[in-house]
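Have a look at the structure below before the remarks.
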Amino acid sequence: MTIRVWLCPPLFFAQRREWASFVINGVLYAFCLFPIAAGLYWLVVGAGEKAEGTAAGAFPVAVFFWLLCVAHVADARRREKARTRPPVSFWSRVLESALILAIPGVMAVGFALTSTRDASWRVEVSRVTEARWEAEWIVEQAQQYQRVEARNPGTMAELTRRLPEAQLEATDPWGRDWVVSAAFQDTRTPPNPGDLWACSRGPTGTGRCPPGTPGAVPSAAAGSIGHSAGFGGWQGGDQRPWLERLSDMLAVVLILGPLPGYVAYRIIRRVRGRPAPPLRTVSGAITVVVVVGILAFIACPMFLNVAPRARLAKAQADIR
112 MTIRVWLCPP LFFAQRREWA SFVINGVLYA FCLFPIAAGL YWLVVGAGEK AEGTAAGAFP
172 VAVFFWLLCV AHVADARRRE KARTRPPVSF WSRVLESALI LAIPGVMAVG FALTSTRDAS
232 WRVEVSRVTE ARWEAEWIVE QAQQYQRVEA RNPGTMAELT RRLPEAQLEA TDPWGRDWVV
292 SAAFQDTRTP PNPGDLWACS RGPTGTGRCP PGTPGAVPSA AAGSIGHSAG FGGWQGGDQR
352 PWLERLSDML AVVLILGPLP GYVAYRIIRR VRGRPAPPLR TVSGAITVVV VVGILAFIAC
412 PMFLNVAPRA RLAKAQADIR
């Protein structure tokens, strides 16, 4: 490039009568000249440290836009020197365009799935948290009953009748009866020294409450939620229907998969010696990057560990 082009990049396109590129480069060059003029004005007219700071901040902005202009010219020079590409078939261009348009569309479908599943999942998390809190409260009141009566309650009905101020729930958050330990049900005196625990069978009603103690048989608590005086609280594994788990996994794939999938598609085409047609306009490429970037920016935090923890904290706050 000549000195004139380095100093005024739009001249490169004016010499070749590429007026569309000349306008684009000229706009960028105007954004380069304006900070320079503003910086010089503040240096000449302004006074004090504020004026010097404003001028100093203007020149890096000018350099940034000048580099964009030079990069635009360099890309045009590279295309001029590149060998003539073989013609790309019409259907290849149609396929490429369809893939580009499908990326935000498929990601939007993933968002639709997550939004519909998110509401029900949040309610379920709230109920699970409530069940753990209530089970712990039941065990604490059973221990209080044991200290006062010198025996164990026997049933939830007896515990509720004897300690009405505790406001115990007779059923779990899903409307099913609580399952209590054998020691809890033993009303002999002195009190049975066994472990006191209360257990809910969980959202599906099929969770297995421990036949002995949670510490002795931890695998028996799959799907259930409860609290033990000796071993603390537990929450069984995920027992949601397979269709719900599949929809959650599908949502993740639809949101996070299209962009790397498109990159893999172009790499495979290039390896096979049939490279995909390039994007013709800078604006088209920028549009795709911006759309996908915004969607990814929204999507990624949904699947970080911080999101479930935040929802769990909200659920705990709602029931306390």
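By our numbering, the letter at position 148 of the sequence shown is numbered 259, and the numbering carries on one by one without gaps. Beta carbons are placed, not taken as given, at the ideal position from N, Cα and C, and that holds for glycine.
- The beta-carbon separation of G334 and W345, rounded to 11 Å, does not stay under the 8 Å limit for a contact.
- If the five residues before and after R188 are omitted, its C-beta is found closer than 6 Å to no C-beta atom of its own chain.
- For A309, the uninterrupted beta strand (DSSP E) run begins and ends at W308 to S311, by DSSP.
- Boundaries of the beta strand (DSSP E) harbouring W345: G343 to Q346, taken from the DSSP string.
- G337: member of the beta strand (DSSP E) spanning I336 to S339, first to last residue.
- Exposure of E191 is indicated by the presence of fewer than 16 other C-beta atoms within 10 angstroms of its C-beta.
- Between the beta-carbon of A281 and that of T271 there is about 6 Å, and that keeps the pair under the 8 Å contact cut.
- In chain order, P146 place their CB closer than 7 Å to the CB of V172, counting only its own chain and leaving out the 5 sequence neighbours on each side.
- Boundaries for Q278: no alpha helix (DSSP H) harbours it, and the DSSP string shows neither H nor E there.
- For the 9 Å CB-CB criterion, F133 and F124 form a contact.
- Burial state of Q126 is exposed, judged by a 10 Å Cβ sphere holding fewer than 16 other Cβ atoms.
- Residue burial annotation: P371 is exposed, with fewer than 16 other C-beta atoms found within 10 angstroms of its C-beta.
- Taking the CA atoms as reference points, V290 sits about 12 Å from V250.
- As DSSP reads the structure, D288 sits in a beta bridge with T282.
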